[in-house]
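Heads up: the sequence lines are chains A and B, in that order.
Under the numbering used here, the first sequence has 133 at position 133, and the numbering climbs by one with no breaks.
Under the numbering used here, the second sequence has 1062 at position 62, and the numbering climbs by one with no breaks.
Below is one structure, written out as structure tokens, with a few remarks after it.
Number of protein chains: 2
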Amino acid sequence: MSGYEILELGAFGAWSDYVSGSGTKGKRFVDHDMTTQYIGVSTNAAAPGEGAPFWHAHSQLEELYIFLQGRGQMGLDDEVVDVEPGSVVRVGQGVWRIWRCAPDSPEDLRMLCVRAGGGVLAELPRDSERDMERPKPW
Amino acid sequence: MSGYEILELGAFGAWSDYVSGSGTKGKRFVDHDMTTQYIGVSTNAAAPGEGAPFWHAHSQLEELYIFLQGRGQMGLDDEVVDVEPGSVVRVGQGVWRIWRCAPDSPEDLRMLCVRAGGGVLAELPRDSERDMERPKPW
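Set out below in structure tokens:
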């Protein structure tokens, strides 16, 4: 899969305005808008106090959460960690995760979530499990 | 490879100060400082007019260049494209690439280069080929 392709996401300010086909605001799957081979990426924007609506875990995918702007928190199984610009969190298989922008963050949160599963992305199963009942850790 | 791990890179301003073990300034391989499974990431910082010192290509790895700050350019085989904050460039196998911060960029460049090769990163061969003789395209 040679060649190259360019997608323009816009600067951080534009990330919060993105609305997906299913109506979700502030989360964009870059690999839905360009054809990638092994690497999945989403851009994530959240105002103070906002964040992921539910916990999830993956059975095959590795994820790297790269925080770029704003202060936030991640729930990782039974732990809660603080994150800030430049925090990189690698999350392995089976770990339950959730994130948010801290209510007192001086700026909106901007974060990239990178994922890969050791094979061609399109051929990996939908390996994400959601837990809509698990309470948020904050 | 379950569990999680956190690495603090510092905000954009700190990326230019990073010096690798081999003395390279402004480029940090995140996956050398934390243990990742499938995903490689480097942080890249360059002042106006500066950038990668040579062209390179990969035989197996896919790369995504995610530009976050500053204006720049990429050479992609015989093309030169302009990039700005929010530009994502997917580069497939065999494509020769080089990048720089534009001489008239209003800000220093900050860019993430994400790579994966469809297998465990540590087991992939060193698949990068350099061309130290090929002239820069700008």
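Note that beta-carbon positions come from the ideal geometry of N, C-alpha and C, so glycine has one too.
> Nearest to A/Trp138 by CA position, among A/Asp77, A/Leu124, A/Gly117, is which residue?
Replying inline: A/Asp77
>> Can you pull the chain B neighbours of A/Ile98, defined as C-beta to C-beta under 8 Å?
In response: Result: empty, since nearest Cβ-Cβ is about 13 Å, beyond 8 Å.
> Mind checking if B/Gln1060 is an interface residue toward chain D, Cβ cutoff 7 Å exclusive?
Replying inline: The structure shown has no chain D; the protein chains it does contain are A and B.
> Based on the DSSP secondary-structure assignment, which residues constitute the bridge partners of A/Glu142?
Replying inline: One cannot answer for residue 142 of chain A here, as it falls past the ends of chain A, which runs 1 to 138.
> When the Cα of A/Thr36 is compared with those of B/Ala1045, B/Gln1069, B/Gln1093, B/Lys1025, which residue comes out closest?
Replying inline: B/Gln1093
> Mind checking if A/Ala116 is an interface residue toward chain B, Cβ cutoff 7 Å exclusive?
Replying inline: yes
>> Using DSSP's beta-bridge definition, name the partner residues of A/Val95.
In response: Its beta-bridge partners do not exist; DSSP assigns none.
>> Which of the three DSSP states is assigned to A/Trp15 in this structure?
In response: helix
> In angstroms, rounded to a whole number, what distance separates the CA positions of A/Arg110 and A/His58?
Replying inline: 22 Å
>> By the DSSP assignment, the beta strand (DSSP E) with A/Asp108 in it spans what residues?
In response: Element bounds for A/Asp108: n/a, residue is neither H nor E.
> Is the CB-CB distance between A/Tyr4 and B/Glu1062 below 7 Å?
Replying inline: Against a cut-off of 7 Å, the Cβ pair of B/Glu1062 and A/Tyr4 comes out as no contact.
> Under 7 Å Cβ-Cβ, which residues of chain A neighbour B/Met1111?
Replying inline: Under the 7 Å cutoff, chain A gives no residues; its nearest Cβ is about 12 Å from B/Met1111.
> If we count the other Cβ atoms within 10 Å of its Cβ and call it buried at 16 or more, is B/Phe1054 buried or exposed?
Replying inline: So B/Phe1054 ends up on the exposed side.
>> Measuring alpha carbon to alpha carbon, tell me which residue in A/Gly40, A/Met1, A/Ala11 is nearest A/Ala116.
In response: A/Gly40
> Which residues, in order along the region 82-95 of chain A, keep a beta-carbon less than 7 Å from a beta-carbon of chain B?
Replying inline: Under the 7 Å Cβ criterion, the region 82-95 of chain A contributes Pro85, Gly86, Ser87, Val88, Val89, Arg90, Val91, Gly92, Gln93, Gly94, Val95.
> So which of B/Glu1084, B/Arg1028, B/Asp1033, B/Ser1128 has the shortest CA-CA distance to B/Pro1048?
Replying inline: B/Glu1084
> Which of helix, strand or coil does DSSP assign to A/Asp33?
Replying inline: helix
> Buried or exposed: B/Met1001, going by 16 or more other Cβ atoms within 10 Å of its Cβ?
Replying inline: exposed
> So, is the C-beta of A/Gln73 closer than 7 Å to a C-beta in chain B?
Replying inline: False, the Cβ-Cβ gap to chain B never drops below 7 Å.
>> Give me the chain A residues within the contact set of B/Val1002, using Cβ-Cβ distance strictly less than 8 Å, ordered along the chain.
In response: A small fix is needed here, since residue 1002 of chain B is Ser in this sequence, not Val. The contacting residues are Gly92, Gln93, Gly94, Val95.
> Can you tell me where the beta strand (DSSP E) with A/Glu5 in it begins and where it stops?
Replying inline: A/Glu5: member of the beta strand (DSSP E) spanning 4-8, first to last residue.
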